[in-house]
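Asker:
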Amino acid sequence: MATKILNLSPKIEEIKAKEKFLDLLGKDIKNGNVKRVPDSIFTRIAKIRNKAYLARERNEQLEM
3 MATKILNLSP KIEEIKAKEK FLDLLGKDIK NGNVKRVPDS IFTRIAKIRN KAYLARERNE
63 QLEM
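Be aware that the sequence shown starts at 3, since it is given in the numbering used here, and climbs by one per residue.
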């Protein structure tokens with residue numbers, strides 16, 4: 003049976019980078035440097051994604 007060695011260094015570095023980012027973001031939020039994104043932006047993004055999905059579906063049906 004062969005032994006497989008996993009290199010976890012990239013994953014560990016990724017986790018450390020995420021933790022550092024979240025710490026910095028937390029400090030910015032605490033200091034009032036970050037503003038809340040309005041819900042209207044997320045609603046608009048959802049509408050655009052839905053229209054893109056419907057357009058892809060329509061194109062797939064036309065190709066059949």
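Positions of the beta carbon are idealized from the N, C-alpha and C atoms, including for glycine.
Give a yes or no on whether the C-beta atoms belonging to residue 36 and residue 30 are separated by under 8 Å.
Answerer: Cβ atoms of residue 36 and residue 30: closer than 8 Å.
Asker: Measuring straight from C-alpha to C-alpha, what distance separates residue 41 and residue 49?
Answerer: Approximately 12 Å between the Cα atoms of the pair.
Asker: Using only the alpha-carbon positions, how far apart do residue 27 and residue 20 sit?
Answerer: 10 Å
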